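Everything on this sheet refers to the single structure shown next.
2 protein chains.
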Amino acid sequence: MQLTLSRKEQIEQTATALFKSKGFSATSMRDLATALGIEAASIYSHIKSKEEILQRVCFRMANEFFEALAKAESAPSSATEKLKNAIVAHVLVLTSNTAASAVFLHEWRHLSEPFLADYLLLRDQYEARFRSIIKEGIANGEFTVPDEKFAVLTIFSGLNWIHTWYNPAGKMTPVQIAENLSAMLLNGLKNNNN
Amino acid sequence: MQLTLSRKEQIEQTATALFKSKGFSATSMRDLATALGIEAASIYSHIKSKEEILQRVCFRMANEFFEALAKAESAPSSATEKLKNAIVAHVLVLTSNTAASAVFLHEWRHLSEPFLADYLLLRDQYEARFRSIIKEGIANGEFTVPDEKFAVLTIFSGLNWIHTWYNPAGKMTPVQIAENLSAMLLNGLKNNNN
DNA sequence: TATACAACCTAACGTTCGTTAGCAAATTAA
DNA sequence: TTAATTTGCTAACGAACGTTAGGTTGTATA
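These protein sequences, in sequence, are chains V and S. Its first residue numbered 1, the first sequence is counted upward by one per residue in our numbering. Its first residue numbered 195, the second sequence is counted upward by one per residue in our numbering.
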């Protein structure tokens, strides 16, 4: 556990919080400087450009999601369990840093090429891993879904909204959230006991 | 059915498309003017400010959602049917204009006061209507959910992602999407027939 | 003690931004 | 035919933007 952040990391963290709350475009370098208590020009002793911050946040988060998914997939089990593990892994990354997650999920479109293309490729690869779990579940009868693309979209939409309301100081722990979400996505709202 | 749009409506429509694809802040009045084939200054013969466009889109969509929900709620039925009707109504509004929906859902934070406060109040009122349907379903045993706030959040996240992938020229009709979504949210992925 | 480096400063650059003023042409209504 | 309205133009405003240049200070290293 690193106790002290380098100045560059401090800048990135502060910028991420601003990007989440105001958006990338609406956050000026002068806003960021004010939040850091320095002048806007001083930031350029540490970073090359405003977009560099966005790039670093987006690709660092992409890495975290892939690593978490790899661990979740490693234990061979049923599609149901695989999906549940993948959902839990995804939620844990999301809740571990809601600001960076929000930027990763919503501000990526401000990346310039070739970063934008790289980002979209990674995202598609990530979603494909979920699709194949669902396909497996459909094939062996665990799941009943009209369309696996549709199912994946619904799962991700449920997951990727968490950062807007998750509060680390709230009642639910990340694991509880993940368990509830996967239960709801797998079983639905309906009471199936009667 | 109105066949010709007033110039003001054309501007609003073109702006909405740009706001969806680039975001409000990243869309300049000169971008909008270029898309319309006129000069930026000419736009001000029709509107007062850039934000006025955003305000009109946001509150017009809010109205549409409320009206659709009112109709869906009018027929007294079970909580399950009420919820399904409300979901269908919501999806139909979303798919009827994905650009305006995207702006409504994602660009509202660029509203200035007092419009921002008004918007947030409306949104909370709308969500409260869904919460009360869920509460009713929990109370009479139709639903089994750990937390109704959590359930509503998950429902909305599933619904409000549609605009990112829905294609009017695609295979699924809005009604089919709505039916599939409500089925998935109510019953989950799991095959409950065995 | 001398050197290097990290961190920040002031001043300013060229650009883009939303918007206004004032005017002209075309279309519609009286 | 005249008047009003709609729709657009050019030119320009002040402000904000991302960024660069060049210099100063304090701290850690040799």
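For glycine and all other residues, C-beta sits at the position ideal for the given N, C-alpha and C. Please read all numbers here as calculations on a predicted model, not as lab measurements.
Item, Value
"Backbone secondary structure at residue 298 (chain S) - three-state DSSP", "helix"
"Those residues which DSSP pairs with residue 216 (chain V) across a bridge", "This structure cannot speak to residue 216 (chain V), because chain V is shown only from 1 to 194."
"Proximity of residue 352 (chain S) and residue 101 (chain V) at Cβ, strictly below 7 Å", "no"
"Option in S:230, S:338, S:301 and S:372 with minimal Cα separation from residue 26 (chain V)", "S:301"
"Three-state class that DSSP yields for residue 260 (chain S) in the structure shown", "helix"
"Euclidean distance between Cα positions of residue 376 (chain S) and residue 281 (chain S)", "6 Å"
"Cβ shell of residue 233 (chain S) (< 8 Å), same chain only, five flanking positions each side left out", "227"
"Under 8 Å from the C-beta of residue 359 (chain S): neighbouring residues of chain V", "153"
"Within chain V, partners of residue 352 (chain S) - CB distance below 8 Å", "154, 157 and 158"
"Span of the alpha helix (DSSP H), counted from its first residue to its last, around residue 280 (chain S)", "273–290"
"C-beta neighbour in chain V for residue 217 (chain S), strict 7 Å", "yes"
"At least three beta-carbon pairs within less than 8 Å, the stretch 138–153 of chain V to the stretch 245–256 of chain S", "no"
"Minimum Cβ-Cβ distance from residue 168 (chain V) to chain S less than 7 Å", "no"
"Residue 90 (chain V): contacting residues in chain S (beta-carbon distance under 8 Å)", "What residue 90 (chain V) touches in chain S: nothing, since even the nearest Cβ is about 13 Å away."
"Range covered by the alpha helix (DSSP H) that runs through residue 205 (chain S)", "201–216"
"Best match in S:206, S:260 and S:214 for proximity to residue 238 (chain S) [C-alpha to C-alpha]", "S:206"
"Classification of residue 84 (chain V) by the beta-carbon crowding that lies within 10 angstroms, buried from 16 upward", "buried"
"For residue 379 (chain S), three-class secondary structure by DSSP", "helix"
"Cα-Cα separation between residue 344 (chain S) and residue 298 (chain S), rounded to whole angstroms", "22 Å"
"Ordered list of alpha helix (DSSP H) runs contained in the stretch 138–169 of chain V, each at least 4 residues", "148–159"
"Interface flag, residue 212 (chain S) vs chain V, CB-CB below 7 Å", "no"
"Sufficient close CB pairs (3 or more, under 8 Å) joining the stretch 303–317 of chain S to the stretch 262–270 of chain S", "no"
"Interfacial residues, the stretch 219–230 of chain S to chain V, with Cβ spacing under 8 Å", "219 and 220"
"Residues near residue 97 (chain V) by beta carbon distance below 7 Å, same chain, minus five either side", "none"
"Through-space distance from residue 173 (chain V) to residue 75 (chain V), alpha-carbon basis", "24 Å"
"Residue of S:341, S:374 and S:208 minimising C-alpha distance to residue 171 (chain V)", "S:341"
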